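Sequence lines, in order, name chains A and B. Each number in the numbering used here comes from the position in the first sequence (counting from 1) with 220 added on. Each number in the numbering used here comes from the position in the second sequence (counting from 1) with 167 added on. Quick reminder that beta carbons are idealized off the backbone N, C-alpha and C, glycines included. Quantities reported herein were computed from a predicted structural model and do not represent experimental measurements.
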Amino acid sequence: MYRYDEFDQAFVRQRVDEFREQVGRRLSGELSEEEFKPLRLMNGLYLQLHAYMLRVAIPYGTLSSTQLRKLAHIARTYDRGYGHFTTRQNIQYNWPKLADVPAILDELAEVEMHAIQTSGNCIRNTTSDPYAGVAADEIEDPRVYAEIIRQWSTLHPEFSFLPRKFKVAITGSPHDRAAIKVHDIGLRMLRNEAGEPGFEVVVGGGQGRTPVVGETIRAFLPKNDLLSYLEAILRVYNLLGRRDNLYKARIKILVKQTGVEEFTRLVEEEWQAIRQGWELELPDSEIERISRYFAPPSYGEAEPIDFGFVTAQRKHPEFARWARCNTFAHRQPGYTIAVISLKPEGGIPGDATAEQMEVVADLADKYGFGEIRVTHEQNLVLPDVRKAELLAVWEALEAAGLAVPNLGLITDMIACPGLDYCNLANARSIPVAQRIGQRFNDRALVEELGPITLNISGCINACGHHHVANIGILGVDKKGKEFYQITLGGRADEAAAIGEIVGPAFSYEDVVDAVETIVTTYRGQRQSGEAFLDTYQRVGIQPFKEKLYGTR
Amino acid sequence: MKLQVMTANRLSDGAVVYLDGEGRWTERLAEAQVTLDPETQSALERRAEAAVRGQEVVGAYLFQVDSSSGTPEPIGQREIIRAGGPSAGTDLTPSSLRI
């Protein structure tokens, strides 16, 4: 993992001291709310429906066990005993008191954490593949470049007041597990004809009220040119992006209005100017220096086929189901990537209690080199578990209510906090997710249904990624009542697509029945070996419309 | 005219509060001053503005309630949830504060 150097440590400490003073001035009345708001947002502090909300950065979703224990401690000491992991691989606390926030930031700084770049019109924390560094299909660990982007972007003097927030996602594998095509900039590592690794650069993706799948503006960017090229994109956006209309200020609107060819020309022109001006080439020595922080642990000797693992699966069908559903191929023989679902049936997607965080931290220490990942699907990951020890991990997770076998299945829902917490929301998300989880509580059936992504947003800002779900649910307000619009056919991977609206919205009472009708229709239509998306792409939206609305 | 109640979030912890008949901020909607009278509503607005300036609360506004049952009840899902706390979660507002 990356460790702070003296600069990082001093910078984060200075920021805490500065914010402590700002909070003091706010409480004493020296600062009005209008003056204080941009300052608190620069430190991840929002004011929501019932309380302040603090969003803590987990850069590229990587945590140490020490950091996770600190997050548990903060939940217990300053909040209500839990935290909410988000689609930005961060964690949010829903109930901090304003006067406590400097102390929370102090505690975070002790473990090299902060809440910077989690809000405001800056370059936000870069998100990444949660299986970075361990996935069998990976070219290079994308966290190296995510960390380099962090160092470049934090307090970048030119890009601290962009037209709007700016999100970069990066994956080191050809298969995209970081939803890069729905980010302002998406970086996908690939190899050129000479076999050299570099990046495909995708720009102008995003969700919200104008969902757009990003466009490739450069098929191959050498690694050493990463920062100069990002600088060129940001510079074009900073100059030409709209500042007069909040809803038209993201780079996706600029790319659409300019046209991708002209936008690309502007970026390339700026890039040439930057490269002629001053040195912004990323030296190999710096890439190597940062790479050393992410060096793999000592895995030891590769194990032959582990008969213990095979036997354990035969003996424990529930363990076998969890191992089938919640593990992913590791690059190291004898190891696996174990995903801890935070989506218990009837639970709150992404929530973890302080006790659960501590269980996961202990498991990471005992079985996983002390490392944890956070996924944008709001789950946790133990990236390095020996298959021989997976049964012991499962038993401990089971005891903590964390062994839910549903990774990538219909109950592995993404859901934003919705109207239960969020000031922007129009409708609740969490109770809808809970009711869907309760409806689909037969684990054998859920596994039999195969991969289905179901995401829920409580408003058009789409924090719940509903646009790119196979089944997307968007909460809307109709005269003070909650209604839910359903989209079908979205996906967030390398073939990213925006879902299609199936028809008129459903009431809060009827929306779960509608989901069940969609699933029943899929089961009736599917052919052998098809996943939901395969069936949907083959039969189209019409059979679903007919079942949902009849002759309406 | 519509029945109105003055609400805001408390500066110190962001809690939802309502202005009562004594000019104090309470967490209980049942204790809030409910008024139809435009002059009283203006008075509530002046008190709220003073409380904003005095670092007591932020984001004060009047909202509509129905008091046909004898106690003020919010109209619209957003104010129902503000008054009652999250409808789902491990962190539900204590029942003593429920409307």
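Residue i at chain B interface by Cβ criterion, 8 Å
i	result
Pro651/A	yes
Leu318/A	yes
Leu247/A	yes
His293/A	no
His270/A	yes
Gln371/A	no
Leu694/A	no
Glu702/A	yes
Ile568/A	yes
Arg240/A	no
Leu639/A	yes
Arg648/A	yes
Leu267/A	yes
Gly590/A	no
Glu253/A	yes
Gln658/A	no
Gln705/A	no
Residue i to residue j span [Cα, whole Å]
i	j	result
Thr569/A	Leu600/A	Reading off the sequence, residue 569/A comes out as Pro, not Thr. Between Pro569/A and Leu600/A, the C-alpha separation is close to 12 Å.
Ala271/A	Ala182/B	5 Å
Lys472/A	Gly700/A	31 Å
Ile311/A	Phe305/A	4 Å
Pro553/A	Phe529/A	13 Å
Glu246/B	Ser285/A	40 Å
Ala605/A	Val421/A	Going by the sequence as given, residue 605/A is Val instead of Ala. Each residue's Cα considered, the two are about 33 Å apart.
Gly678/A	Met633/A	13 Å
Leu178/B	Gly497/A	49 Å
Ile402/A	Asn465/A	What sits at residue 402/A in the sequence shown is Val, not Ile. If you take the alpha carbons of Val402/A and Asn465/A, they lie about 21 Å apart.
Leu459/A	Ala734/A	46 Å
Gly628/A	Thr673/A	6 Å
Ile266/B	Gly256/B	Because Ile266/B sits at a pLDDT of 37, beneath the cut-off of 50, its placement in the model cannot be relied upon, and the point is left open.
Pro417/A	Asn345/A	23 Å
Leu441/A	Phe419/A	5 Å
Ala549/A	Ser393/A	13 Å
Lys666/A	Lys385/A	The question names Lys, but residue 666/A in the sequence shown is Val. Cα to Cα, Val666/A sits roughly 37 Å from Lys385/A.
Leu186/B	Asn681/A	32 Å
Trp491/A	Tyr449/A	6 Å
Val456/A	Glu489/A	10 Å
Ile368/A	Pro258/A	26 Å
Ile630/A	Phe231/A	43 Å
Arg245/A	Glu216/B	19 Å
Interface flag, residue i vs chain A, CB-CB below 8 Å
i	result
Asn176/B	yes
Ser263/B	Interpretation of Ser263/B is limited by its pLDDT of 39, a score under 50 that renders its predicted location unreliable; no figure is taken from the coordinates.
Ala215/B	no
Ile266/B	Here Ile266/B scores only 37 on pLDDT, less than 50, and its place in the model should not be relied on; the value that follows carries that caveat. Taking Cβ atoms only, chain A never reaches closer than 8 Å to Ile266/B, which makes this a no.
Asp233/B	no
Asp187/B	no
Val172/B	no
Ser254/B	yes
Ser236/B	no
Arg195/B	no
Ser179/B	yes
Per DSSP, the bridge partner or partners of residue i
i	result
Thr547/A	Ala558/A
Phe305/A	Ile311/A
Thr202/B	Gln171/B
Arg606/A	Tyr555/A
Met273/A	Tyr266/A
Val432/A	Gly426/A
Selection from the options that minimises the alpha carbon distance to residue i
i	options	result
Ser373/A	Ile453/A, Pro442/A and Val331/A	Ile453/A
Gly709/A	Asn341/A, Phe764/A and Ser748/A	Phe764/A
Pro537/A	Ala664/A, Thr673/A and Tyr457/A	Ala664/A
Gly670/A	Phe227/A, Ile359/A and Arg544/A	Arg544/A
Tyr365/A	Val666/A, Gln533/A and Met221/A	Met221/A
Asn314/A	Lys290/A, Gln268/A, Gly760/A and Val331/A	Gln268/A
Thr707/A	Asn444/A, Lys387/A and Val688/A	Val688/A
Thr307/A	Ala398/A, Val732/A, Asn626/A and Tyr513/A	Ala398/A
Val225/B	Gly249/A, Gln427/A, Ala515/A and Glu241/A	Gly249/A
Leu447/A	Ile494/A, Thr436/A and Leu474/A	Ile494/A
Cβ separation of residue i and residue j, assumed to be a contact under 8 Å, to the nearest whole Å
i	j	result
Arg648/A	Gly695/A	7 Å
Gly281/A	Thr595/A	7 Å
Ser561/A	Val624/A	4 Å
Pro603/A	Ile557/A	5 Å
Ile507/A	Lys443/A	7 Å
Phe230/B	Val184/B	Contact flag wrong, Cβ pair sits at about 13 Å.
Asn690/A	Leu768/A	No, Asn690/A and Leu768/A are not in contact; Cβ-Cβ is about 15 Å, not under 8 Å.
Under 9 Å by beta carbon: chain C residues contacting residue i
i	result
Ala182/B	Checking the listed chains, one finds no chain C in this structure; the protein chains it contains are A and B.
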